[in-house]
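*Asks:* Sharing a structure below in structure tokens format, with a few things to ask.
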Amino acid sequence: MTSEKTLRAALVGTGSVANSHARAVAAYPRAELVAVADLSLEKAQEFAGRYDIAAAYGDLEEMLAAEHPDVVLICTPPAPHRAQSLAAFAAEAHVIVEKPPAPSLDELDEMRAGALAADRQLAVVFQQRTGTAAAHVRGLLQSGALGRPLVAVCQTLWFRGADYFAVPWRGKWETEGGGTTLGHGIHQIDLLAHLLGDWSSVQGRLWRLDRETETEDVSTATIVFEQGVVAQVVTSAVSPRETSSIRIDTQKATITVDHVYGHGHENWRITPAPGFEAEAEGWVFPDAEERSDHEPLLRDVFDALLDGGSLPSTADAPSRSLEIVAGIYASAAADGAVITPELLAAHPTHRAGFASPVADLRR
1 MTSEKTLRAA LVGTGSVANS HARAVAAYPR AELVAVADLS LEKAQEFAGR YDIAAAYGDL
61 EEMLAAEHPD VVLICTPPAP HRAQSLAAFA AEAHVIVEKP PAPSLDELDE MRAGALAADR
121 QLAVVFQQRT GTAAAHVRGL LQSGALGRPL VAVCQTLWFR GADYFAVPWR GKWETEGGGT
181 TLGHGIHQID LLAHLLGDWS SVQGRLWRLD RETETEDVST ATIVFEQGVV AQVVTSAVSP
241 RETSSIRIDT QKATITVDHV YGHGHENWRI TPAPGFEAEA EGWVFPDAEE RSDHEPLLRD
301 VFDALLDGGS LPSTADAPSR SLEIVAGIYA SAAADGAVIT PELLAAHPTH RAGFASPVAD
361 LRR
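Quick note on the UniProt record's numbering: the sequence shown kicks off at 1 and runs consecutively.
Shown next as structure tokens:
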């Protein structure tokens, strides 16, 4: 039973994703967005006016001291996430942070330790885990109804032109933390891991094919999951016909989801293997549909905060997909060597940052 308390939410960062957070808070009856902060006070004031937020600040610390929020929504680029999260925990607030949660595993470790010390929750926004279709497929896979999963393909083929990378902090290891693998592909990689579980090895390569960046604009990788699934992963920022897709072949069926930035039932398909057509009647998606979005994710996190329970599966495991991404970068730095969780846990360089050699194939 959810408590009668109303969560006081505060938001930091007013870029495009902050709009999704503001709408999600507005849709939740037991939360109120009471303040917004941005390095530009003018932008914070404009955002506050757009969503009827009472207070706007040009400094996060000032907002925390004045407003005492229950939860802070962090919608800034990755570089300041650690400092902003630790400040929120020190102010006794929970944190919901946009992906990627941090530009390094070490910084994410500090954020998780800060949450534990403050007895607060750290939730990461990977909204593609949400929706009734993803929940249904995850349930089928975990129950064994589709047999053992065997092979998977995960593609994030997006297009980001020169104007996108003209933003000063983008395309640089120091300020963005990584390239398209960290900034874009992590969404689909996270959904893949949400469906298949923990990983056992990663091999990866980084490529610069067309864009003026320090980081990669394409990456390729092989991920092996603990249950024995082999996945091929391609992430691109140079693909004009955009798609975000996952295919998982199991002993009894092929699961596919093809979308770009969000999915509903129409984006998913389960195709039975020959001889298993009759079983497919038990695999149909539920009649009630909810699309993937920030709204169900924040709703379920807010419910957990109000109930004092554990975070939902749509917002837990904050390090899993970041570890896979770190493994891709670490492998690329070692000319495609196999990276395991054990190697990554004590890695001499890639826990502190993801800067890696990129093969430049531009003409």
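Every residue gets a Cβ at the ideal spot worked out from N, C-alpha and C, and that includes glycine.
This one's a predicted model, so the numbers in the text were calculated from it and none came from an experiment.
Report, in whole angstroms, the separation of the C-beta atoms of P78 and A102, which I expect to be a contact under 8 Å.
*Replies:* 6 Å
*Asks:* Assuming contact is defined by CB atoms lying nearer than 8 Å, are H263 and S245 in contact in what I supplied?
*Replies:* no
*Asks:* Rounded to the nearest angstrom, what separates M1 and A24 at their Cα positions?
*Replies:* Low per-residue confidence applies at M1: pLDDT is 49, beneath 50, and the placement is therefore not dependable enough to give any value.
*Asks:* Quick one: what does DSSP say H318 is sitting in, helix, strand or coil?
*Replies:* Note on residue identity: the sequence assigns Pro, not His, to residue 318. Looking at P318 - three-state DSSP - the assignment turns out to be coil, as it is neither helix nor strand.
*Asks:* In chain order, what residues of the same chain have a beta carbon less than 8 Å from the beta carbon of A162, not counting five sequence neighbours either side?
*Replies:* R211, E212
*Asks:* Please tell me whether, using a cut-off of 7 Å, the distance from the CB of G179 to the nearest non-hydrogen atom of the ligand FMN is below it.
*Replies:* This structure lacks the ligand FMN, and indeed carries no ligand of any kind.
*Asks:* Indicate whether D351 and S104 have their beta-carbon atoms separated by less than 8 Å.
*Replies:* It is worth fixing the name first, because residue 351 is Arg in this sequence and not Asp. In contact: R351 and S104 (Cβ atoms closer than 8 Å).
*Asks:* Given that a residue counts as buried once 16 or more other Cβ atoms are within 10 Å of its Cβ, and exposed if not, what is L150?
*Replies:* exposed
*Asks:* Please work out which residues of its chain come closer than 7 Å, Cβ to Cβ, to T6, disregarding the five sequence neighbours upstream and downstream, and give them in chain order.
*Replies:* R30, A31, E32, listed in sequence order.
*Asks:* Between R120 and V97, what straight-line distance do the alpha-carbon atoms span, to the nearest angstrom?
*Replies:* Near 13 Å, if we compare the C-alpha coordinates of V97 and R120.
*Asks:* Applying the 10 Å Cβ sphere with the 16-neighbour rule, what's the burial state of P286?
*Replies:* exposed
*Asks:* In chain order, which beta strand (DSSP E) runs of at least 3 residues are fully inside the region 24-81?
*Replies:* 31-37, 55-57, 71-74
*Asks:* Do the region 167-180 and the region 263-272 touch if we need at least three Cβ pairs shorter than 8 Å?
*Replies:* no
*Asks:* Determine the direct distance from the alpha carbon of S201 to that of A221, and round the result to whole angstroms.
*Replies:* 10 Å
*Asks:* What are the residues that DSSP puts in a beta bridge with F225?
*Replies:* W199
*Asks:* Taking C-beta to C-beta, are L60 and V95 nearer than 8 Å?
*Replies:* no
*Asks:* When we look at the beta-carbon of P168 and count the other beta-carbons within 10 Å, is it buried (16 or more) or exposed?
*Replies:* exposed
*Asks:* Does DSSP classify H21 as helix, strand or coil?
*Replies:* helix
*Asks:* Tell me which residue opens and which closes the beta strand (DSSP E) that R247 is part of.
*Replies:* Boundaries of the beta strand (DSSP E) harbouring R247: 238-250, taken from the DSSP string.
*Asks:* With a threshold of 16 other CB atoms inside 10 Å of the CB of P318, please say whether the residue is buried or exposed.
*Replies:* Within 10 angstroms of the beta-carbon of P318 lie 16 or more other beta-carbons, which makes it buried.
*Asks:* What did DSSP end up calling D360 once you bin it into helix, strand or coil?
*Replies:* strand
*Asks:* Looking at the structure shown, is H259 part of a helix, part of a strand, or coil, going by DSSP?
*Replies:* strand
*Asks:* In or out: G282 buried (at least 16 other Cβ within 10 Å) or exposed?
*Replies:* exposed
*Asks:* Let's see if you can read the secondary structure: which residues bound the beta strand (DSSP E) around V97?
*Replies:* 94-98
*Asks:* Who does W207 pair with in a DSSP beta bridge?
*Replies:* V218, A359
*Asks:* On the three-pair Cβ rule with 8 Å, is the region 218-238 touching the region 126-135?
*Replies:* no
*Asks:* Could you pull the start and end residues of the beta strand (DSSP E) that Q142 belongs to?
*Replies:* Segment 132-143 is the alpha helix (DSSP H) holding Q142; no beta strand (DSSP E) there.
*Asks:* Cβ atoms of K252 and E279: under 8 Å apart, would you say?
*Replies:* yes
*Asks:* Would you grab the beta carbon distance between A9 and D109 for me? Rounded to a whole angstrom, and I think it's under 8 Å.
*Replies:* Rounded, the Cβ-Cβ distance is 26 Å, inconsistent with contact.
*Asks:* Using three-state DSSP, classify P168 as helix, strand or coil.
*Replies:* In this structure, P168 counts as coil in the three-state DSSP scheme.
*Asks:* Per the DSSP calculation, A231 is bridged to which residue(s)?
*Replies:* Answer is A152, I223.
*Asks:* Can you give me the C-alpha to C-alpha distance between R363 and W158, rounded to a whole angstrom?
*Replies:* 21 Å
*Asks:* Would you mind working out which of A66, V137, V301, A326 sits nearest A88, comparing C-alpha positions?
*Replies:* Closest option to A88, Cα to Cα, is A66.
*Asks:* Starting from the C-beta of S16, find all residues in its chain whose C-beta is less than 8 Å away, skip the five residues before and the five after it, and write them out in chain order.
*Replies:* none
*Asks:* For W268, list the residues DSSP reports as bridge partners.
*Replies:* V257
*Asks:* Is it the case that the Cβ atoms of A315 and D300 are separated by a distance below 8 Å?
*Replies:* yes
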